[in-house]
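Chemist: Quick one: the structure is below, and I'll ask about it shortly.
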Ligand code: NAD
Ligand code: 89Y
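Residue numbers (the working numbering): 154 to 496.
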């Protein structure tokens, strides 16, 4: 079998999950890795047996020999690295958040289009088993036409020890985590036309907001609430579970703690547990996110071989990223923001 060859840039906290995900795919091989930090490069290179190691992405691209690049660095380097991939006509995956600004994100999509390469944003939360289960219920028509929804992520988990940069940015929870919740809202309820948001910072030791409440008007008439918090001290810590509530014309759906899904319709009430798989390399409580990494990477490999655009392409993710921008603008101005004005 001819394997698709990949290269990965950024060997930090999260990239290890991506490397495991690639290793699980029989038809993909990561042949080169890159990190500015020689120690991170050595650790990941030794753990996954990758001999070609680079401290410079430019040098790695110059040597070539791979069919796609997986960019797992933090946001500041995303635009330069996607443009570098485009200049070498190498298909690229880029981690969320897409870019520092919406203007950068648009430029990245334009660069990929001009080079004729696919660009996928690693927006993996919609690939979580419980979220896929919710989508399947919606698509089955079991609760009729949805008219109201809520996507909720409330936690007191210490994300700062693993990702210290999250405490330093002027923006925090919407850009880092709410971006996933907003994408889930788009995935379940369709594109949104208007955004109204309020934010708070509760933790005095961080620079950005750690609580956000967002109200979305979706194009199809659904109203949704997307609420996120890293300041919620609950009796049972739910990290990293997303809870979902949907009311439809024929029933209701609730995805709650420990992946319990309750669907109430005309035929009665059905309860199930839509727990993610604990992959051999995964660990609780991250296994939900880790499985979604494996699933989105499988999706990329399939779409790359079929020459089809991935579901969370750069073009698609501009619409999620516009919601992020709209939420910050709305909170800052105390106004409702029209999404069409941003795209
Ligand atoms: P990190 O700081 O631990 O790792 C980033 C690595 O990239 C570092 O080792 C750094 O040296 C390297 N790097 C940065 N710029 C570089 C460049 N130009 N060339 C080569 N190497 C470079 O960060 P992290 O926590 O692993 O996060 C990485 C990205 O993953 C972020 O954008 C974050 O938001 C995202 N993330 C996504 C999820 C998810 O579920 N999708 C979860 C966590 C983090
Ligand atoms: O960076 C974030 C993400 O994308 O998922 C969870 C996280 O690691 C912390 O909020």
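Using N, Cα and C, we set each Cβ at its ideal position, and we do this for glycine too. What you are looking at is a predicted structure, and each value in this text was computed from that prediction instead of being measured.
Give the range of the alpha helix (DSSP H) segment to which residue 169 is assigned.
Modeler: Looking at the DSSP string, the run of the alpha helix (DSSP H) that includes residue 169 is 168-176.
Chemist: Spell out the partners DSSP gives residue 490 in its beta bridges.
Modeler: Answer by DSSP bridge pairing, in chain order: 348.
Chemist: Quick one: complete beta strand (DSSP E) runs, 3+ long, within the region 312-356?
Modeler: Entirely contained in the region 312-356, the beta strand (DSSP E) runs reaching 3 residues are, in chain order, 345-353.
Chemist: So, under 8 Å CB-CB, residue 288 and residue 341 are touching, yes? Tell me the CB distance rounded to an integer number of Å.
Modeler: About 6 Å separates the two Cβ atoms, so the contact holds.
Chemist: Could you give the distance in angstroms between the alpha-carbon of residue 396 and the alpha-carbon of residue 427?
Modeler: Straight-line Cα distance between these residues: approximately 12 Å.
Chemist: Can you round the beta-carbon distance between residue 159 and residue 219 to whole angstroms, since I take them to be within the 8 Å contact cut?
Modeler: At roughly 6 Å, the Cβ-Cβ gap stays under 8 Å, so residue 159 and residue 219 are in contact.
Chemist: Within 7 Å: the Cβ of residue 393 and any heavy atom of ligand 2?
Modeler: Residue 393 Cβ: within cutoff of ligand 2.
Chemist: For residue 235, verify whether its CB is less than 7 Å away from any heavy atom of ligand 1.
Modeler: Not so, every heavy atom of ligand 1 lies at least 7 Å from the Cβ.
Chemist: So residue 299 and residue 177 are in contact, right, with Cβ under 8 Å, and what is the actual spacing, rounded?
Modeler: Actually they are not in contact, since the Cβ atoms of residue 299 and residue 177 sit about 34 Å apart, beyond 8 Å.
Chemist: Does the distance between the C-beta of residue 249 and the nearest non-hydrogen atom of ligand 2 fall short of 7 Å?
Modeler: Yes, ligand 2 has a heavy atom inside 7 Å of this Cβ.
Chemist: Have a look at the DSSP bridge pairing and note the partners of residue 424.
Modeler: Paired residue(s): 415.
Chemist: Determine, for residue 306, whether the minimum Cβ-Cβ distance to residues of chain C falls below 8 Å.
Modeler: Chain labels in this structure do not include chain C; a single protein chain is all it has.
Chemist: Can you tell me whether residue 441 is buried or exposed, with buried defined as 16 or more other CB within 10 angstroms of its CB?
Modeler: Per the 10 Å Cβ criterion, buried.
Chemist: Quick one: what's got a C-beta closer than 6 Å to residue 352's C-beta in the same chain, skipping five residues either side?
Modeler: Answer for residue 352: 362, 365 and 484, listed in chain order.
Chemist: Closer than 7 Å: is that where the CB of residue 163 sits relative to any heavy atom of ligand 1?
Modeler: Residue 163 Cβ: within cutoff of ligand 1.
Chemist: Say whether the region 382-390 touches the region 299-311, bearing in mind that this needs 3 or more beta-carbon pairs closer than 8 Å, one atom from each stretch.
Modeler: As far as the Cβ criterion goes, the region 382-390 touches the region 299-311, which means the pair count is three or higher.
Chemist: For residue 497 versus residue 261, is the C-beta spacing smaller than 8 Å?
Modeler: Absent from the model: residue 497. The displayed extent of the chain is 154 to 496, so no value can be given.
Chemist: What is the DSSP secondary structure of residue 186, counted as helix, strand or coil?
Modeler: If DSSP states are grouped into helix, strand and coil, residue 186 belongs with the strands.
Chemist: Using DSSP with H/G/I as helix, E/B as strand and the rest coil, what is residue 248?
Modeler: Residue 248: strand per DSSP, three-state reduction.
Chemist: Skipping 5 residues on each side, what residues in its chain have a beta carbon closer than 7 Å to that of residue 210?
Modeler: So the list reads 162, 187, 234 and 237, once near-sequence residues are dropped.
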